[in-house]
Amino acid sequence: MSGNGKTPNRIPLSRRRFLQVLAGTAGALVVGIRMAEAADAPLPPALVGDNFYGLGAYVRINADGSVLINARDPDTGTGVATSLPRIIADELDADWNRVSVILPGLGVSDDNGKPRWTYGRQVGGVGGSIPAAWNDLRQVGAVARWLLLQAAARRFGVRADQLRCAAGTVIASDGRRLSYGSLAEDASKIALPTRLPAPKEAANYQLIGKPAGDVDAHAIVTGQARFAIDHHYGDALVAVLVHCPWPDGTLERSDFADCLAVKGVVKVLQLRPEPGQPPGSTPIAPAVAVLAEDTWSALQGRRKLKLEWKPGASAAADSNTFEQTAGAALAGKTDPTTRVRDDGDVDAAGKKAARRLDATYFQPWLAHATAEPMNCLVRLDKDQASLVVPTQAPQQAWAVVHRLTGFAPARIDISVPRVGGGYGRRLDHDYVAEAVMLAQSVDRPVRLLWTREQDLAHDYYRSGCVHQLNAIIDRKRKLLGWNQRMASASALSHRGVPDNHLWTSELQADQLPAGLVPNYRSDWYGLESTIPRGPARGMPHLSNAFAVESFIDEIAHTMREDPLKTRLRILGEPRSLTLSAGRTLDTGRLLNVLKLVADRIEWKNWLRTVNGLGIACWHVDGAYVAHAIEVAMQGEKLVIQRVVCAVDVGRVINPRGLEGQVAGATLDALSTALNLAITFKDGQIQQHSYKDYPLASMAQLPDAVEVITVDDDRAPAGASFLAMPTAAPALANAVFRASAVRVRRLPLMKELLRLL
Amino acid sequence: MAPAQAQALPTGQENTIVPEAVRDGIDLQINGEHYRHTGDPQMPLLWYLRDVLRLTGTKYGGEHGESGADLVLLDGKAVSAITQTMAKLAGKQVVTVEGLAANDGTLHPLQQAFIDEDAIGCGYCTPGWLIAGVDLLKRKPHPGDDDIDRLPNLCRCGCQTRVRRAIKRAAGKAPQS
């Protein structure tokens, strides 16, 4: 390419394969490269297969003792750029003060035309980073440490098992010391262990379980941290878009002349979704793109576009109608789309009921509203692409670029700097497709920027949903039966998921109180909608915990019982229940977090206080969470006075990071529950700015979130959204105590003011 | 990219080639340095900072600055950079997040407090919070919760409780001027 004459001898951008590039530098030990070189030798079984590739290129120890550690998963604010390297560094016995963290971008090599993922799993912001790292990244540190020990043993002339490591130094029993830096070159020549060295005993952890600040903190507070939106290639054109209000609409009439007359505007191009491509891999809607020399010119040009869009069939979509359809589906006698679970005999139990309780809960559509709007920087050369992408899943971004360009796997270079919020939005890559398509149409790199308005109005939303719950209570006030019916539009529609699995984005078969009630039925009614949907933070737990944990409070109220006691009765004795997919529910751990928040908020005052106390608990993939919230009603003003959250995630890697995640997820969930709803009319989203989609202000939120973490020696579970599901029901339950108003519809503030 | 001054006109446009006059630029100070903007006077300060100067610490949050991610100090007061056109900034002093630390790299007490309290989610909105907080601490060296409640910034990651702690930690330590 290079047709503009500005940079005729363009040097291809660095592949950023820092480890490969630097592998030959004198005196460096690079673990991962050593693994790859050893591929010809008989490999220890544990290194073969996924584990082997998972080791990848992770650790580099330089002759000067400095250590580079690769944080493979995108950090969307979850802190994995800090926690993943600390897992490796602890096994390595590295001196954390000498560690620099590298965000490696996508690791991909060419395996006969197919991609081979150098670093194994690379996904951020879905709660899986730490559990996956616990399984494979610890080994990276352990192997590097083993190699250094062998090198030191030869140097000292003693056996390796007579040596120990501490903070980047190997120490002999007679006190002699060698720094890792001085051993790195020797260590790089030693053959790999035939058996994987055992990971450390927990008692010897130096970093795991100790608090650490975010590795990017200094760069962030000084404005030096660069997000994808801050990156640039010198001659890149800025592209801004106008999307068609309807995904299936068409451009009927257009006049680009005034736009093209704006100084700095270079080109106006049209984009169309590719038929047959799943959502998230092609433009979300038809669009007109203005490409200009700088952002201001592009935005001015955009205002001068004269466009007339013709609506498609989706122009009939209406969020009120959607909710009515959901209600009608639940009220009718039609069979559910999927019977998700059916324990015991709910119908027979119903006949023995001393008491029945019914309630219906309504939850709105939601947007992702990431702080950093969608953007993508792409440069296409003859046979290679270089991109800077704010993504949670660089391998998926790669697939989009590969499909559109046909470039060889390793010729697609994707850099992933720190990401300004993900929440599931960046598991989709429509914006990557847009940027690549534009770059293919102009002979220059393209820097695509969505405006805030586009970001809210063109999203893969979380579907609104309706839950109809029915409890069957016997004479002894025992919860005999639970019949749950939920209606929503699946986030997985049109994404290649079989029809009988569409429910999996909407609810879980194992969610509370499943397994704890002898007769339990859960039905899902799938609805159609032309409004795009996709993965969303905390789903499906978020919507289900609100309905279920609100309803348990209603059951308690009906039985005139303390809602904490009702929960304790439902949970019963501490025991381990087997869930699907090999997971377990440890009711003891759930009871524990529940009791912790109750003690902290002084639940014994539950009846006496004029304020309202609310409580809720939930479990997410082997992790446990409870919230207790205290609110006061001051006239029509709701004041959240105290919020306590307890989590049990097993082994805590970075307590400080965990506290931040828990407090943050709590506030995100409160903000969402209090204020947020996406609505649509005539197929058009009605929220265009933060004024219409008002994330909670500082004043609306509590002054503090008191976080209690249970640290134990079980393998760590993910925590990124763990604290979301219980915040809204604990809030609604507290509001009920304070105001006697039961809020069964979110957003809460609007409904509360309507009911008061 | 700043448009070059007195550019040679493209050929074949008009018979009479009149060199473009050197426009009076807009002189302003940003983080203590002098700059002259010679481009479109209607360009918002945000795009001047981000596109022309490549000072990317100030973030785009929305067309009306409603998230607070694009706050800068203008003559000492926090304002949204996207709502300020360059035309109005002649002779003004702008401080961005890049200019909060001292020249020797010593952090502003609030920057240090953000690190100490880990008052960071994804970090995208953090520069805006810092500017709003520095502005508040200038006006009120010991702000109360009500003062902190009035900060205009938004954050989806939920860093607000940690920001509150950071502002309180920095209270009384910020330079007054």
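Chains A and B are the protein sequences, given in the same order. The numbering of the first sequence is this note's numbering, which starts it at 1 and goes up by one. The numbering of the second sequence is this note's numbering, which starts it at 1001 and goes up by one. The beta carbon of each residue, even a glycine, is placed where N, CA and C say it ideally should be.
Inter-stretch contact (C-beta, 8 angstroms, three-pair minimum) for the segment 215 to 228 of chain A and the segment 1117 to 1130 of chain B = Flag = yes, the segment 215 to 228 of chain A and the segment 1117 to 1130 of chain B touch.
K1168/B (DSSP reduced to helix, strand or coil) = As a working note, residue 1168/B is residue 168 in the second sequence. Helix, per DSSP.
Taking only beta-carbon atoms, is W296/A less than 7 angstroms away from chain B?
-> On the first sequence, residue 296/A is found 296 positions in, with the first residue counted as 1. Taking Cβ atoms only, chain B reaches closer than 7 angstroms to W296/A, which makes this a yes.
How about L147/A and I190/A: do their beta carbons lie closer than 7 angstroms?
-> Numbered from 1 along the first sequence, position 147 holds the residue referred to as residue 147/A. Numbered from 1 along the first sequence, position 190 holds the residue referred to as residue 190/A. Contact: yes.
Residue closest to V647/A, alpha-carbon to alpha-carbon, out of K637/A, I640/A, L638/A, E659/A | By one-based count along the first sequence, residue 647/A stands at place 647. With distances taken between Cα atoms, V647/A lies closest to E659/A.
Residues in its own chain within less than 8 angstroms of P278/A by CB, not counting five upstream and five downstream?
-> Counting from 1 along the first sequence, the entry for residue 278/A is found at position 278. Closer than 8 angstroms at Cβ, skipping near neighbours: H494, R495, G496.
Those residues which DSSP pairs with A652/A across a bridge | Mapped onto the first sequence, residue 652/A falls at position 652. Correcting the residue type first, residue 652/A is Val in the shown sequence and not Ala. Checking the DSSP bridge columns, you'll see V652/A has no partner listed.
By Cβ distance below 6 angstroms, which residues in the same chain neighbour N470/A in space, the five residues on each side in sequence not counted?
-> If you number the first sequence from 1, residue 470/A lands on position 470. Within the same chain, N470/A has close Cβ partners D358, N483.
Exposed unless 16 or more other CB atoms sit within 10 angstroms - verdict on S505/A | Your numbering for residue 505/A matches position 505 in the first sequence. Looking at its Cβ environment, which holds 16 or more other Cβ atoms inside 10 Å, S505/A is buried.
Exposed or buried, V170/A, counting other C-beta atoms within 10 Å across all chains shown (16 or more means buried)?
-> Indexing the first sequence from 1 puts residue 170/A at position 170. The residue is buried, with at least 16 neighbouring Cβ atoms inside 10 Å.
Alpha carbon to alpha carbon, what distance is there between T194/A and E1066/B?
-> If you number the second sequence from 1, residue 1066/B lands on position 66. If you number the first sequence from 1, residue 194/A lands on position 194. C-alpha separation (whole angstroms): 59 angstroms.
Contact set between I1120/B and chain A, taken where Cβ atoms lie within less than 7 angstroms | Indexing the second sequence from 1 puts residue 1120/B at position 120. By Cβ distance, chain A contributes D214, A217, I220.
Going along the chain, which residues of its own chain have a beta-carbon closer than 7 angstroms to the beta-carbon of D1147/B, five neighbours each way excluded?
-> Residue numbering aside, residue 1147/B sits at position 147 when the second sequence is read from its first letter. Closer than 7 angstroms at Cβ, skipping near neighbours: L1136, K1140.
C-alpha gap between G32/A and N70/A, whole angstroms | Taking the first residue of the first sequence as position 1, residue 32/A is located at position 32. Taking the first residue of the first sequence as position 1, residue 70/A is located at position 70. With a pLDDT of only 49 at G32/A, under the threshold of 50, the placement of this residue in the model should not be trusted; the figure read from the coordinates follows. Straight-line Cα distance between these residues: approximately 11 angstroms.
CB contact below 7 angstroms: S100/A versus chain B = Numbered from its first residue, the first sequence carries residue 100/A at position 100. S100/A does not count as touching chain B.
Check whether the Cβ atoms of V1178/B and T1056/B sit closer than 7 angstroms, and answer yes or no.
-> For chain B, the structure presents residues 1001 to 1177; residue 1178/B sits outside this window and is missing.
Cβ-based neighbour list, L756/A, same chain, cut-off 8 angstroms, excluding 5 preceding and 5 following = What you label residue 756/A is simply residue 756 of the first sequence in a count that begins at 1. Excluding five sequence positions before and after L756/A, the CB atoms of its chain that fall closer than 8 angstroms to its own CB belong to E636, S739, V741, given in chain order.
Can you tell me whether DSSP reads H688/A as helix, strand or coil?
-> Walking along the first sequence from the start, residue 688/A turns up at place 688. Reduced to three states, the DSSP call for H688/A is coil.
Specify, as a first and last residue, the run of the beta strand (DSSP E) that E308/A falls within.
-> Here residue 308/A is taken as the residue at index 308 of the first sequence, counted from 1. It spans 306 to 310 - the beta strand (DSSP E) in which E308/A sits, taken as one unbroken run.
Residues from the segment 225 to 238 of chain A in contact with chain B, defined by Cβ distance under 8 angstroms | Within the segment 225 to 238 of chain A, the residues whose Cβ lies closer than 8 angstroms to some Cβ of chain B are A225, R226, F227, I229, D230, H232, V238, listed in chain order.
Note down the Cα distance separating G683/A from T530/A, rounded to an integer number of angstroms.
-> As a position in the first sequence, residue 683/A is number 683, starting the count at 1. As a position in the first sequence, residue 530/A is number 530, starting the count at 1. So the two alpha carbons sit approximately 8 angstroms from each other.
Spatially closest choice to Q1029/B from G1039/B, L1045/B, D1040/B, by CA coordinates | Translated into the one-based positions of the second sequence, residue 1029/B becomes position 29. The residue among G1039/B, L1045/B, D1040/B with its C-alpha nearest the C-alpha of Q1029/B is L1045/B.
Mind pulling the alpha helix (DSSP H) runs of 4 or more residues that sit fully within the segment 247 to 327 of chain A?
-> Listed in chain order, they are 257 to 260, 295 to 303.
Near G301/A, what residues of its chain come up, given a Cβ to Cβ distance below 7 angstroms and the 5 sequence neighbours on each side ignored?
-> Translated into the one-based positions of the first sequence, residue 301/A becomes position 301. The residues C259, V262, V265, V290, A292, in chain order, have a CB closer than 7 angstroms to that of G301/A in the same chain once the five nearest residues on each side in sequence are set aside.
Is it right to say G832/A is buried, meaning 16 or more other beta carbons lie within 10 angstroms of its own, or is it exposed?
-> Residue 832/A cannot be examined here, being either before or after the span of chain A that is shown, 1 to 756.
Exposure of V610/A, with buried meaning 16 or more beta-carbon neighbours within 10 Å = Translated into positions along the first sequence, residue 610/A becomes position 610. The residue is exposed, with fewer than 16 neighbouring Cβ atoms inside 10 Å.
Can you tell me whether DSSP reads D95/A as helix, strand or coil?
-> Within the first sequence, numbered from 1, the residue matching residue 95/A stands at position 95. Coil.
Under three-state DSSP, which class holds R154/A?
-> Indexing the first sequence from 1 puts residue 154/A at position 154. Reduced to three states, the DSSP call for R154/A is helix.
Run through DSSP, which three-state label would W1129/B get?
-> For the purposes of this step, residue 1129/B is taken as the residue at position 129 of the second sequence. In this structure, W1129/B counts as helix in the three-state DSSP scheme.
When the distance is taken between beta carbons, is L542/A closer than 7 angstroms to P394/A?
-> Within the first sequence, the letter at position 394 stands for residue 394/A. Within the first sequence, the letter at position 542 stands for residue 542/A. Their beta carbons are not under 7 angstroms apart, which means P394/A does not touch L542/A by this criterion.
Would DSSP call F1114/B helix, strand or coil?
-> Within the second sequence, the letter at position 114 stands for residue 1114/B. If DSSP states are grouped into helix, strand and coil, F1114/B belongs with the helices.
If we count the other Cβ atoms within 10 Å of its Cβ and call it buried at 16 or more, is Q392/A buried or exposed?
-> For the purposes of this step, residue 392/A is identified with residue 392 of the first sequence, where counting begins at 1. It is buried - the Cβ of Q392/A has at least 16 other Cβ atoms within 10 Å.
Please name the residue, chosen from L579/A, S386/A, L68/A, G350/A, that lies closest to L479/A on a Cα-to-Cα basis.
-> For the purposes of this step, residue 479/A is taken as the residue at position 479 of the first sequence. Distance check between L479/A and each of L579/A, S386/A, L68/A, G350/A places G350/A closest, using alpha-carbon atoms only.
In or out: L607/A buried (at least 16 other Cβ within 10 Å) or exposed?
-> Residue 607/A sits at position 607 when you count from the first residue of the first sequence. Counting every other CB atom within 10 Å of its CB across the protein chains shown gives L607/A a total below 16, marking it as exposed.
Can you check whether the CB of L380/A is closer than 7 angstroms to the CB of R447/A?
-> The residue labelled residue 447/A in the question sits at position 447 within the first sequence. The residue labelled residue 380/A in the question sits at position 380 within the first sequence. No, they are not a contact pair.
If we count the other Cβ atoms within 10 Å of its Cβ and call it buried at 16 or more, is L571/A buried or exposed?
-> For this step, residue 571/A is matched to residue 571 along the first sequence. L571/A is classed as buried because its beta carbon has at least 16 other beta carbons within 10 Å across all chains shown.
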